[in-house]
Amino acid sequence: MSLSDPIADMLTKIRNASMARHEKVDLTPSKLKLEIVKILKTEGYIKNFKKINQDGKNYIRVFLKYDKDNRSVIHGLMRISKPGRRIYAGYKTMPRILNGYGTIIVTTSAGVITGAKAVESKVGGELICSVW
């Protein structure tokens, strides 16, 4: 497990758990991870999440969402900006995922928001990941 990119580790845990049809996955907490999980919840990619303190350790428990045929709602989850190569975009050049069907998560001066909200607010920032 890579310790230099905790966001990529979080995305990989969610991707693997959804492919294995797990009900939930536990993540190590950080402020950025919590904001990303909040966006996944508001965009409808996960059922719910909650912060858990178990045996003196903190976790973010993410409850995964599946459709009626027991297929994961998350079809793809990809890290864009990496520690070795940061990728930024202005609001005029904000990429669209699957022609608007996917969601891009951006960290801006206004906080962690979706790409659509960044364009609406006319702010750019670092492209964290894309979900579809």
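If you use this note's numbering, the sequence shown closes out at 1208, no skipped numbers anywhere.
For glycine and all other residues, C-beta sits at the position ideal for the given N, C-alpha and C.
Can you give the Cα-Cα distance for Leu1153 and Thr1118, rounded to whole angstroms? 16 Å
Taking contact to mean at least 3 C-beta pairs separated by less than 8 Å, is the segment 1094–1109 in contact with the segment 1173–1182? no
So is Ser1094 buried or exposed if we call it buried at 16+ other beta carbons inside 10 Å? buried
Beta-carbon proximity of Leu1116 to Val1101, cut-off 9 Å: Not a contact, by the Cβ cut-off of 9 Å.
Could you spell out the range, first to last residue, of the beta strand (DSSP E) harbouring Asn1134? 1133–1140
Range covered by the beta strand (DSSP E) that runs through Asn1129: 1122–1130
Answer with buried or exposed for Lys1201, where buried requires no fewer than 16 other C-beta atoms within 10 angstroms of its C-beta. For the record, residue 1201 in the displayed sequence is Gly; it is not Lys. Buried, by the Cβ-count rule.
Name the DSSP beta bridge partners of Thr1184, please? Thr1184 pairs with Gly1187, Gly1201.
What's the C-alpha gap between Asn1134 and Ile1156? Those two C-alpha atoms are separated by around 27 Å.
Where Ser1197 falls, given that 16 or more other Cβ within 10 Å makes a residue buried: exposed
Candidates Val1195, Thr1190, Lys1158, Val1188: closest to Tyr1167 by CA position: Val1195
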